[in-house]
Structure formats: C-alpha cells, structure tokens
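Asker: The structure under discussion is supplied below as structure tokens; questions concerning it will follow.
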C-alpha cells in the first residue's frame, strides 16, 4: 500500500518533475505481468520496469530484511496510510525488499539517493525536485 | 545491468539516463 501511495504522490507532481528535464522510472521487483495491474491501481502513465533478480536493487544499495519490513516505525506509518484510505493489496514481489530513489545525472553519476528504512519511509516529491535541480 | 518492461523486453539500465537525468523509484513490491 505504501508503494502505491508513493507512486500516486509522485504521479500528482509529475508535471513539476518533468519540468526539470528528467524522466521518472518506476522499478519493481516482481514479474513483468504485475506491471499492468500496478499501472491501473496508481494511474501512473510513465515507464515501469521490473528487476526480478534484485540485482539492480542490490547494486543501488537498497535494504532487505524481515526486520526492515516489520518494525514500530513502519507500523505507525501504516496506520497513517490506512487512514488515508489506501489498503494493502496482495504482495507481488519480494516482501522483504525495501525500496528507494536514485537521482542520476546524464553522466551516470548518482547525485542523490534515498534507501528506504522500511515501509512508508519514502522520498518525497519535494526532496526529489531539490535533488533534480542541479542535475538537470 | 538490465531491467524488463511489461513485454519482457530487456532494457539496459544505462540507457535510462543517456539523454536526460533519470529518477529511479524502486518500489518495495507491487502490492
């Protein structure tokens, strides 16, 4: 549910994000067959890819583990998300893998990164916009 | 290093930022 909420939040700011000259790519870790359903649920019209091997997730330095998924902070964030009317759907992908955001410039340099510490610990659109301005 | 699109087509990761800055949003899962 946090994943969908994060993508919906970015979808609402997509014009501002594109105005920096950047493209936004959503990357999941399930099967390619999950992409259409996720697109329908979030309204995301941009590119969506998958990394079923988690090779890219590992290279990006993103966290993975049961304790990263189930902890007090994540539980509190989940309550807030549920109150906003977003419910947990069926998990499609590795349930222990955490997400994150990388901002990469045209030279291939990572200019900003956020490795999620658990469910709901997502980079905000404002953080991404701030990171993009020097990269554009 | 590669990713797959909805048609199982292989995409080279480096191609994503060849022409413009890229934001890679890694989701935990699709649930």
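Chains as they are written, first to last, in our numbering: chain A, 1 to 136; chain B, 1 to 31.
Built from N, CA and C at the ideal position, the CB exists for glycine as well.
1) Is there a Cβ of chain B sitting closer than 8 Å to that of residue 23 of chain A, yes or no?
2) Is the beta carbon of residue 29 of chain A less than 8 Å from the beta carbon of residue 97 of chain A?
3) Taking 8 Å as the CB-CB cut-off, is residue 6 of chain A touching chain B?
4) Comparing the C-beta of residue 98 of chain A with each C-beta of chain B, is any distance below 8 Å?
5) Looking only at its own chain, which residues have a Cβ that is under 7 Å from the Cβ of residue 140 of chain A, when we skip the five neighbours before and after it?
6) Kindly indicate which three-state DSSP category residue 39 of chain A falls into: helix, strand or coil?
7) Are the beta-carbon atoms belonging to residue 23 of chain B and residue 11 of chain B less than 8 Å from one another?
8) Is residue 134 of chain A buried or exposed, if buried means 16 or more other CB atoms sit within 10 Å of its CB?
9) In chain B, what lies closer than 8 Å to residue 62 of chain A by C-beta?
10) Could you give the distance in angstroms between the alpha-carbon of residue 122 of chain A and the alpha-carbon of residue 110 of chain A?
11) What do you get for residue 141 of chain A, buried or exposed, if any count of 16 or more other CB atoms within 10 angstroms of its CB means buried?
12) Find the residues of chain B that neighbour residue 30 of chain A, judging by a C-beta separation of less than 8 Å, and give them in chain order.
13) Just to confirm, is the Cβ distance from residue 22 of chain A to residue 132 of chain A under 8 Å?
14) Tell whether a beta-carbon distance below 8 Å holds between residue 50 of chain A and residue 25 of chain B.
15) Specify, as a first and last residue, the run of the beta strand (DSSP E) that residue 114 of chain A falls within.
Answerer: On the basis of the coordinates in this document:
1) Here residue 23 of chain A is taken as the residue at index 23 of the first chain, counted from 1. Taking Cβ atoms only, chain B reaches closer than 8 Å to residue 23 of chain A, which makes this a yes.
2) Counting from 1 along the first chain, the entry for residue 29 of chain A is found at position 29. Counting from 1 along the first chain, the entry for residue 97 of chain A is found at position 97. A contact, by the Cβ cut-off of 8 Å.
3) The count along the first chain starts at 1 and reaches residue 6 of chain A at position 6. Taking Cβ atoms only, chain B reaches closer than 8 Å to residue 6 of chain A, which makes this a yes.
4) Start at 1 with the first residue of the first chain, and residue 98 of chain A comes out as number 98. It does; some Cβ of chain B falls within 8 Å.
5) Residue 140 of chain A lies beyond the range of chain A shown here (1 to 136); nothing can be said about it.
6) By one-based count along the first chain, residue 39 of chain A stands at place 39. DSSP places residue 39 of chain A in helix when its eight states are reduced to three.
7) Taking the second chain and counting its residues from 1, one reaches residue 23 of chain B at position 23. Taking the second chain and counting its residues from 1, one reaches residue 11 of chain B at position 11. No; because the gap between Cβ atoms is not below 8 Å, this pair is not in contact.
8) Taking the first chain and counting its residues from 1, one reaches residue 134 of chain A at position 134. Residue 134 of chain A comes out exposed.
9) Here residue 62 of chain A refers to the residue found at position 62 of the first chain. Near residue 62 of chain A (Cβ distances below 8 Å), the residues of chain B are 26.
10) Working through the first chain from its first residue, we reach residue 122 of chain A at position 122. Working through the first chain from its first residue, we reach residue 110 of chain A at position 110. Their Cα atoms are separated by approximately 18 Å.
11) Since the first residue of chain A shown is 1 and the last is 136, residue 141 of chain A is not available in this structure.
12) Position 30 of the first chain, counted from the start, is the residue given in the question as residue 30 of chain A. Going along chain B in sequence order, the residues near residue 30 of chain A (Cβ under 8 Å) are 29 and 30.
13) Here the question's residue 22 of chain A lines up with position 22 in the first chain. Here the question's residue 132 of chain A lines up with position 132 in the first chain. Yes, these two residues count as a Cβ contact at 8 Å.
14) Taking the first residue of the first chain as 1, we reach residue 50 of chain A at position 50. Taking the first residue of the second chain as 1, we reach residue 25 of chain B at position 25. Contact: no.
15) Position 114 of the first chain holds residue 114 of chain A. Residues 110-115.
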